[in-house]
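Trainee: Taking our numbering, the leading residue of the sequence shown gets 0, the next gets one more, and so forth. For glycine and all other residues, C-beta sits at the position ideal for the given N, C-alpha and C. None of these values were measured; they are calculated from a predicted model.
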Amino acid sequence: MTNALFQELLFSLAFLSVFLLLGTFLRAKVKVLQKTFMPASVVGGFIALLLGPVGFKLIPVPESWMAIFSLLPGILIVPIVASVPLGLSFGSKGSKGKGGADSKDIVPMFFILTLIVGLQYMVGFIVHAIFKGAGTELYDTFGWELTMGFAGGHGTAGLLGNMLKGMNLPYWEIAQGVGITTATIGLLGGILGGIVLINWAARSGKTQLLDKPGDIPQHIQVGYQTDVTKQPSVGRETTNSSSIDTFAFHSAIILAASGLAYLILHYLKVFEVPVLKDISVWGYAIIVMFGVWYVMVKLKIEYLVDTKVKSKISGSLTEIAVVAAIASLPVKAIMAYISPIVVMSILGFIVTFIPAIYFAKKYISEYWFEHAVAAIGTSTGVFLTGLLLLRICDPELKSPVLGNYSIAYTFNSVLGFAVMQFYVGLMLSKGAMSVVMAAGLQAVICLVGLIVYKKLANGTSKQAVETN
Numbered sequence: 000m001t002n003a004l005f006q007e008l009l010f011s012l013a014f015l016s017v018f019l020l021l022g023t024f025l026r027a028k029v030k031v032l033q034k035t036f037m038p039a040s041v042v043g044g045f046i047a048l049l050l051g052p053v054g055f056k057l058i059p060v061p062e063s064w065m066a067i068f069s070l071l072p073g074i075l076i077v078p079i080v081a082s083v084p085l086g087l088s089f090g091s092k093g094s095k096g097k098g099g100a101d102s103k104d105i106v107p108m109f110f111i112l113t114l115i116v117g118l119q120y121m122v123g124f125i126v127h128a129i130f131k132g133a134g135t136e137l138y139d140t141f142g143w144e145l146t147m148g149f150a151g152g153h154g155t156a157g158l159l160g161n162m163l164k165g166m167n168l169p170y171w172e173i174a175q176g177v178g179i180t181t182a183t184i185g186l187l188g189g190i191l192g193g194i195v196l197i198n199w200a201a202r203s204g205k206t207q208l209l210d211k212p213g214d215i216p217q218h219i220q221v222g223y224q225t226d227v228t229k230q231p232s233v234g235r236e237t238t239n240s241s242s243i244d245t246f247a248f249h250s251a252i253i254l255a256a257s258g259l260a261y262l263i264l265h266y267l268k269v270f271e272v273p274v275l276k277d278i279s280v281w282g283y284a285i286i287v288m289f290g291v292w293y294v295m296v297k298l299k300i301e302y303l304v305d306t307k308v309k310s311k312i313s314g315s316l317t318e319i320a321v322v323a324a325i326a327s328l329p330v331k332a333i334m335a336y337i338s339p340i341v342v343m344s345i346l347g348f349i350v351t352f353i354p355a356i357y358f359a360k361k362y363i364s365e366y367w368f369e370h371a372v373a374a375i376g377t378s379t380g381v382f383l384t385g386l387l388l389l390r391i392c393d394p395e396l397k398s399p400v401l402g403n404y405s406i407a408y409t410f411n412s413v414l415g416f417a418v419m420q421f422y423v424g425l426m427l428s429k430g431a432m433s434v435v436m437a438a439g440l441q442a443v444i445c446l447v448g449l450i451v452y453k454k455l456a457n458g459t460s461k462q463a464v465e466t467n
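(1) Expressed to the nearest angstrom, what Euclidean distance is found between the alpha-carbon atoms of Asp305 and Ile129?
(2) Give the single residue among Gly178, Leu254 and Val41 whose Cα lies nearest to the Cα of Ala150.
(3) Measuring straight from C-alpha to C-alpha, what distance separates Met436 and Ala442?
(4) Whose C-beta lies closer than 6 Å to the C-beta of His218 among residues of the same chain, with five residues either side of it excluded?
(5) If Leu118 and Trp143 are in contact, beta carbons under 8 Å, what's the gap, nearest whole angstrom?
(6) For Gly96, which residues in the same chain have their Cβ closer than 8 Å to its Cβ, ignoring the five residues on either side in sequence?
(7) Helix, strand or coil for Asn198 per DSSP?
(8) Any heavy atom of the ligand GTP closer than 8 Å to the CB of Pro231?
(9) Contact between the segment 43-62 and the segment 367-380: three or more CB pairs below 8 Å?
(10) Going straight from the alpha carbon of Pro38 to that of Glu236, what length do you get?
(11) CB-CB under 6 Å to Ser481, same chain, minus the five flanking residues each way: which ones, in chain order?
(12) On the CB-based measure, 16 or more other CB atoms within 10 Å of its CB, does Arg202 come out buried or exposed?
(13) Less than 8 Å between the CB atoms is what I'm expecting for Thr146 and Val116, so what's the real figure, rounded?
(14) Using 10 angstroms around the beta-carbon of Asp104, count the other beta-carbons present and answer buried if the total reaches 16, otherwise exposed.
(15) Can you tell me whether Asn161 is helix, strand or coil according to DSSP?
(16) Among Ile67, Val291 and Phe10, whose alpha-carbon lies nearest the alpha-carbon of Ser327?
(17) Taking only three categories from DSSP, how would you classify Tyr261?
(18) Determine contact between the segment 165-173 and the segment 356-374, defined as no fewer than three beta-carbon pairs at a distance below 8 Å.
(19) Can you have a look at Gly93 and say buried or exposed, based on whether 16 or more other CB atoms are within 10 angstroms of its CB?
(20) Is it right to say Gly90 is buried, meaning 16 or more other beta carbons lie within 10 angstroms of its own, or is it exposed?
(21) Looking at the structure shown, is Phe382 part of a helix, part of a strand, or coil, going by DSSP?
(22) Taking all protein chains shown into account, do 16 or more other C-beta atoms lie within 10 angstroms of the C-beta of Gly458, making it buried, or fewer, making it exposed?
(23) Near Leu425, what residues of its chain come up, given a Cβ to Cβ distance below 7 Å and the 5 sequence neighbours on each side ignored?
(24) Buried or exposed: where does Gly157 fall if 16 or more other Cβ atoms within 10 Å of its Cβ makes it buried?
(25) Got a sec, what are the start and stop residues for the alpha helix (DSSP H) Ser344 sits in?
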């Protein structure tokens, strides 16, 4: 890479940073953005989109920068995904209450989250089949964006683009844009719908910790904490800066694992290894990191990793990926798919809200509503969306819901990354209805899991009572 190319990359990142800061400022000042909890990266990305060459052309942005913007999400998603297994733990040991996990509700929560993902896959590809059958021109993987946008969030749109680009599919950029669109719809609908649901539940006595809708703290609305004494720490300094900075150490682990994943994929392609050469690089990144973390645990040096520091690194990369993906949205191309996008988004909300409430009420033993809103939040946005809705109905996090939700979410995410490649391969080789059937099987397995687990849990409880 020449000096000019390095400068081009630096200038494009500087441009995105300006709009990330602008998004932060607008989130802090504009009431509607505060009420909808719109992330600064999303706000900044849309402002850049409107002012740039795709929108009103008020800011001249070189084509080379736009190319970098569209490529960045697919590149950055590799270290983002690679970081997932690093520091993975099974939560607190018996720390029920005050955010700790209550083990008997972790498994049902996992099944509910995974069941909803299966239903979202089904809806996306059923809509694909219906519209294509009616004569609408759709690219082969259309419909996948519902799950990627709703359950995955804005950052996962980069993963979508990365996978399709790696398969040399020409529509990868449009699919990435559709994924960003569904993620925005999901985030807004999930938060607003969740708040309406919490208001109704509080007034009708469905919540255990909230008599009336809780006031959301000002610092959460504006996006910053003015009281220095209340500002949380970004994590532990696991290494001494005289040797290596903690953030640099964690970044080195993540980037090294990502680089090794690229190397593995390169040689699999060189030696033409069937099946394995077609797996996306992020798939190898997550496998490599599982191996790295396993070795660190076996060597008893897991104290060198702090999950908060790791999350801040992956979070920073996600912010850049999101603002870049939105700034480079191919709006005209996306508008050609607006009807199926709207239909699958509406159906997506239905198969998210209703199952979350129904199955949580039926299979969660305690704080079923609080578990339900956390599931709704993460299934239409990201982990923090679920946490936001949970904090509205459990302001002090007195219940064990956060612990249950965190552990269930972690395993659901790992499983989601594992089956993602399978679904897209199935779609390209067998068609939309094959994915519908496979996703339906996923949902059925989760439902059976819920039923069996409840019977086993009830049997264990009954046995314990008889013993006493």
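Mentor: So, from the listed chains and residues:
(1) By 1-based counting over the sequence shown, the position of residue 305 is 306. By 1-based counting over the sequence shown, the position of residue 129 is 130. Going from the Cα of Asp305 to the Cα of Ile129 covers about 47 Å.
(2) If you number the sequence shown from 1, residue 150 lands on position 151. Nearest C-alpha to Ala150: Gly178.
(3) Within the sequence shown, residue 436 is the residue found at index 437, counting from 1. Within the sequence shown, residue 442 is the residue found at index 443, counting from 1. It is roughly 10 Å from the alpha-carbon of Met436 to the alpha-carbon of Ala442.
(4) On the sequence shown, position 219 is the one that residue 218 refers to. Spatial neighbours of His218 in its own chain (CB-CB distance under 6 Å, excluding positions within 5 residues in sequence) are listed in chain order as Gln224.
(5) Here residue 118 refers to the residue found at position 119 of the sequence shown. Here residue 143 refers to the residue found at position 144 of the sequence shown. Their Cβ separation, rounded to whole angstroms, is 14 Å, which puts Leu118 and Trp143 out of contact at 8 Å.
(6) Translated into positions along the sequence shown, residue 96 becomes position 97. With a pLDDT of 49 at Gly96, under the threshold of 50, the modelled position of that residue is not reliable, and the figure given next carries that caveat. Short of 8 Å from the beta carbon of Gly96, and not among the five residues preceding or following it, lie these beta carbons of its own chain, in chain order: Lys397, Ser398 and Pro399.
(7) One-based indexing of the sequence shown puts residue 198 at position 199. It is helical.
(8) Ligands in the displayed structure: none, and consequently the ligand GTP is not present.
(9) In short, these stretches do not touch, since the Cβ pair count stays below three.
(10) The residue given as residue 38 occupies position 39 in the sequence shown. The residue given as residue 236 occupies position 237 in the sequence shown. Each residue's Cα considered, the two are about 27 Å apart.
(11) Shown here, the chain extends from 0 to 467; a query on residue 481 therefore has no answer.
(12) In the sequence shown, residue 202 corresponds to position 203, counting from 1. Burial call: exposed.
(13) What you label residue 146 is simply residue 147 of the sequence shown in a count that begins at 1. What you label residue 116 is simply residue 117 of the sequence shown in a count that begins at 1. Contact flag correct, Cβ pair sits at about 6 Å.
(14) Position 105 of the sequence shown holds residue 104. With 16 or more other Cβ atoms within 10 Å, it is buried.
(15) Translated into the one-based positions of the sequence shown, residue 161 becomes position 162. Helix.
(16) Reading the sequence shown from its first residue, position 328 is the one you call residue 327. Considering only alpha carbons, the answer is Ile67.
(17) Taking the sequence shown and counting its residues from 1, the one referred to as residue 261 is at position 262. In the three-state reduction of the DSSP assignment, Tyr261 falls in the helix class, which pools H, G and I.
(18) Because the criterion of three Cβ pairs below 8 Å is not met, the segment 165-173 and the segment 356-374 do not touch.
(19) Counting from one through the sequence shown, the residue named residue 93 turns up at place 94. In this predicted model, Gly93 has a pLDDT of only 44, less than 50, meaning its place in the structure is not dependable; the value taken from the coordinates is given anyway. Under a 10 Å Cβ-count criterion, Gly93 is classified as exposed, with fewer than 16 other Cβ atoms of the shown protein chains found around its own Cβ.
(20) Counted from its first residue, the sequence shown places residue 90 at position 91. Low per-residue confidence applies at Gly90: pLDDT is 47, beneath 50, and the placement is therefore not dependable, though the value from the model is reported in the following sentence. Per the 10 Å Cβ criterion, buried.
(21) The residue you call residue 382 lines up with position 383 of the sequence shown. Secondary structure of Phe382 (DSSP, three-state): helix.
(22) Here the question's residue 458 lines up with position 459 in the sequence shown. So Gly458 counts as exposed.
(23) Start at 1 with the first residue of the sequence shown, and residue 425 comes out as number 426. Taken in chain order, the residues that qualify are Ser433, Val434 and Ala437.
(24) Mapped onto the sequence shown, residue 157 falls at position 158. By the neighbour-count definition (other C-beta atoms within 10 Å, threshold 16), Gly157 is a buried residue.
(25) Your numbering for residue 344 matches position 345 in the sequence shown. Taken as a continuous stretch (DSSP letters only), the alpha helix (DSSP H) holding Ser344 covers Ile337 to Tyr362.
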